[in-house]
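Before any comments, here is the structure.
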Amino acid sequence: MENLLRFANAALALSVLATLATVVLAYPLADSLSMPAQIGAHIATLIFATTLKLSYVTRLVSLRSLGRPVH
């Protein structure tokens, strides 16, 4: 479970950064992107947001299994 917790923490950090990057690309920088790139940025935002949620749930499950406090 300790390895799962490490993986979940890393996945959580990466997915937060990726979600922020795709949101910036999809909205403030949309004028400088082509239409296919904008579509890709919007789709990537959905995918990385889902990854964020899954990694957070994985983190909670591993913390609970290890008997650590879940906040």
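Residue 0 is where the sequence shown starts when you use numbering that gives the first Met the number 0, and the numbers rise one by one after that.
Every residue gets a Cβ at the ideal spot worked out from N, C-alpha and C, and that includes glycine.
Keep in mind it's a predicted model, so treat the numbers as computed, not measured.
Of the residues the options, which one's Cα is nearest the Cα of residue i?
i    : options               : result
T151 : I38, L28, T18 and S64 : Residue numbering for the chain in the displayed model covers 0 to 70; residue 151 lies beyond these limits and cannot be assessed.
A43  : L65, Y26 and M0       : Y26
A40  : T21, L51, L28 and F47 : T21
Quick one, are the C-beta atoms of residue i and residue j less than 9 Å apart?
i   : j   : result
Q37 : L45 : no
A7  : S64 : no
Exercise. Would you be able to state if there are at least three C-beta pairs under 8 Å between the region 8-17 and the region 49-61?
Key: yes
Quiz prompt | Whole alpha helix (DSSP H) elements within the region 10-68, 4-residue minimum | solution = 34-64
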